[in-house]
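Undergrad:
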Amino acid sequence: MTKKKAATEDGEAPKKTVKKAAVKKAPKAEGEEGVKKVKKAAAKKPSKSKSKKAAEADARVKLFWGVFSPTMKRVAVFHYHEKKLAEKKAKDMSDGKSPHFVAKIKEAIDPTA
């Protein structure tokens, strides 16, 4: 036979009890090392959430083709759609000499212009 909780005089069901959360106790300290551990545990405070700053807009860049000497000096610059001209210039400058090469160059665009 199971026992039912008696209803209150008003006819309402009895209130349920809520269990409390267990509280962590600080570790027992022995000697200097234990004292340091207790102080560190007490010194830790919950960190405040940092607000995120608005991300700066990425700088816009324009792509060019550059002709470079073997010593990495830029000899000539061509617009991106002129790749064939840049390769021809590199080939002409390499005849009988050290080889020149073509590489991409990214330059920032000024937003105020």
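To convert, take the position in the sequence shown, counting from 1, and add 897; that gives our numbering. Every residue, glycine too, gets a C-beta built ideally from N, C-alpha and C. From a predicted model like this one, the values you see are computed outputs, not experimental measurements.
1) From H978 to K1001, what does the alpha carbon distance come to, in whole angstroms?
2) Since K1001 is in the beta strand (DSSP E), which residue starts that stretch and which ends it?
3) In chain order, what residues of the same chain lie with their CB nearer than 7 Å to the CB of H976, ignoring the 5 residues before and after it?
4) Taking the C-alpha atoms as reference points, what is the distance between K1003 and V958?
5) Taking the alpha carbon of F998 as the point to measure from, which residue in A918, D1007, T968 has its own alpha carbon closest?
TA: Checking against the coordinates, here is how it stands:
1) Position 81 of the sequence shown, counted from the start, is the residue given in the question as residue 978. Position 104 of the sequence shown, counted from the start, is the residue given in the question as residue 1001. Each residue's Cα considered, the two are about 12 Å apart.
2) Taking the first residue of the sequence shown as 1, we reach residue 1001 at position 104. Counting along the chain, the beta strand (DSSP E) containing K1001 begins and ends at 998 to 1005.
3) Start at 1 with the first residue of the sequence shown, and residue 976 comes out as number 79. Hits under 7 Å: F961.
4) Numbered from 1 along the sequence shown, position 106 holds the residue referred to as residue 1003. Numbered from 1 along the sequence shown, position 61 holds the residue referred to as residue 958. Going from the Cα of K1003 to the Cα of V958 covers about 6 Å.
5) Working through the sequence shown from its first residue, we reach residue 998 at position 101. It is T968 whose Cα lies nearest to the Cα of F998.
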